[in-house]
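In terms of my numbering, the sequence shown has 159 at position 35, counting the first letter as 1, and numbering is strictly consecutive.
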Amino acid sequence: MTSQTTPNKTSAATQQPDTLIEFPCQFELKAMGQHCDEFVELVYQTTQKYAPDVSRDAIRLQASKNGKYVSVRITFYATHIEQIHGIYGELNAHPDVLWTL
125 MTSQTTPNKT
135 SAATQQPDTL
145 IEFPCQFELK
155 AMGQHCDEFV
165 ELVYQTTQKY
175 APDVSRDAIR
185 LQASKNGKYV
195 SVRITFYATH
205 IEQIHGIYGE
215 LNAHPDVLWT
225 L
(Lines of atoms letter the chains of each structure in order from A and count residues from 1; the text may use other names and numbers.)
(Lines give C-alpha, C1' and ligand atoms only; values in the text may rest on other atoms or scores of the structure.)
Protein backbone atom coordinates (compact mmCIF):
# COMPACT_ATOMS: atom_id res chain seq x y z
CA MET A 1 0.00 0.00 0.00
CA THR A 2 1.40 3.35 -0.96
CA SER A 3 0.89 6.32 1.23
CA GLN A 4 -0.28 9.51 -0.32
CA THR A 5 0.70 12.80 1.14
CA THR A 6 -1.61 15.74 1.03
CA PRO A 7 -0.02 19.00 0.00
CA ASN A 8 0.57 21.26 2.95
CA LYS A 9 -2.25 23.78 2.95
CA THR A 10 -1.98 27.03 4.79
CA SER A 11 -4.98 28.93 5.97
CA ALA A 12 -5.87 32.30 4.53
CA ALA A 13 -5.02 33.85 7.89
CA THR A 14 -1.41 32.70 7.70
CA GLN A 15 -1.07 33.95 4.13
CA GLN A 16 -2.16 37.49 4.93
CA PRO A 17 0.56 40.05 5.39
CA ASP A 18 1.11 41.77 8.72
CA THR A 19 -0.28 44.97 7.26
CA LEU A 20 -2.86 46.02 4.73
CA ILE A 21 -0.54 48.75 3.48
CA GLU A 22 1.41 48.01 0.32
CA PHE A 23 4.98 49.30 0.37
CA PRO A 24 6.50 51.47 -0.87
CA CYS A 25 3.80 54.15 -0.64
CA GLN A 26 3.02 57.73 0.26
CA PHE A 27 1.88 57.68 3.89
CA GLU A 28 0.24 60.45 5.88
CA LEU A 29 0.57 60.56 9.64
CA LYS A 30 -1.32 62.89 11.95
CA ALA A 31 -0.44 64.03 15.44
CA MET A 32 -2.28 66.42 17.75
CA GLY A 33 -0.74 68.54 20.49
CA GLN A 34 -0.33 72.04 21.91
CA HIS A 35 -0.21 74.71 19.22
CA CYS A 36 3.44 75.76 19.31
CA ASP A 37 6.47 75.61 17.04
CA GLU A 38 8.19 73.10 19.32
CA PHE A 39 5.40 70.57 18.84
CA VAL A 40 5.50 70.88 15.06
CA GLU A 41 9.28 70.45 15.17
CA LEU A 42 8.94 67.37 17.40
CA VAL A 43 6.64 65.67 14.89
CA TYR A 44 8.85 66.65 11.95
CA GLN A 45 12.13 65.54 13.60
CA THR A 46 10.63 62.22 14.71
CA THR A 47 9.35 61.55 11.19
CA GLN A 48 12.67 62.57 9.63
CA LYS A 49 14.52 60.14 11.91
CA TYR A 50 12.74 57.23 10.21
CA ALA A 51 12.11 58.82 6.79
CA PRO A 52 15.19 60.99 6.12
CA ASP A 53 13.91 62.27 2.78
CA VAL A 54 10.80 63.92 4.24
CA SER A 55 10.59 67.60 3.38
CA ARG A 56 9.28 70.46 5.49
CA ASP A 57 6.99 71.16 2.52
CA ALA A 58 5.19 67.93 3.45
CA ILE A 59 3.93 69.47 6.72
CA ARG A 60 0.29 70.57 6.92
CA LEU A 61 -1.10 72.28 10.01
CA GLN A 62 -4.65 72.79 11.18
CA ALA A 63 -5.33 74.72 14.37
CA SER A 64 -8.23 73.85 16.64
CA LYS A 65 -11.19 76.21 16.77
CA ASN A 66 -9.82 78.10 19.77
CA GLY A 67 -6.20 77.86 18.58
CA LYS A 68 -4.96 75.98 21.64
CA TYR A 69 -4.16 72.75 19.76
CA VAL A 70 -2.77 71.90 16.36
CA SER A 71 -3.06 68.89 14.10
CA VAL A 72 0.21 68.20 12.29
CA ARG A 73 -0.03 66.11 9.12
CA ILE A 74 3.10 64.92 7.38
CA THR A 75 3.13 62.91 4.18
CA PHE A 76 6.26 60.88 3.49
CA TYR A 77 7.47 58.02 1.31
CA ALA A 78 7.29 54.86 3.42
CA THR A 79 9.28 51.83 2.37
CA HIS A 80 8.44 49.39 5.19
CA ILE A 81 6.16 48.98 8.19
CA GLU A 82 9.01 49.40 10.68
CA GLN A 83 9.27 53.08 9.68
CA ILE A 84 5.65 53.64 10.58
CA HIS A 85 5.88 51.66 13.82
CA GLY A 86 8.99 53.59 14.84
CA ILE A 87 7.46 57.01 14.21
CA TYR A 88 4.18 56.21 15.94
CA GLY A 89 5.96 54.48 18.82
CA GLU A 90 8.10 57.52 19.57
CA LEU A 91 5.28 60.01 19.10
CA ASN A 92 2.85 58.06 21.29
CA ALA A 93 5.47 57.80 24.04
CA HIS A 94 6.06 61.56 24.09
CA PRO A 95 4.09 63.48 26.75
CA ASP A 96 3.37 66.43 24.42
CA VAL A 97 1.52 64.23 21.91
CA LEU A 98 -2.19 64.04 22.70
CA TRP A 99 -3.07 61.56 19.95
CA THR A 100 -1.93 60.15 16.63
CA LEU A 101 -3.71 58.77 13.60
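Each residue gets a CB set at the ideal place from its N, CA and C atoms; glycine is no exception.
At 3 residues or longer, what runs of the beta strand (DSSP E) sit wholly inside the region 162-206?
183-187, 193-202
Determine the extent of the beta strand (DSSP E) in which T224 is found, giving its start and end residues.
221-224
Taking the alpha carbon of E165 as the reference point, which residue from Q150, H204, L225, A182 has its own alpha carbon closest?
A182
Find out if the Cβ-Cβ distance for the pair A202, F147 is shorter than 8 Å.
yes
Are three or more beta carbon pairs between the region 207-221 and the region 182-197 nearer than 8 Å?
no
Which residue's Cα is closest to the Cα of G157: G213, V196, F151?
V196
Quick one, are the C-beta atoms of Y212 and T199 less than 8 Å apart?
no
Alpha carbon to alpha carbon, how far is Y174 from E206?
9 Å
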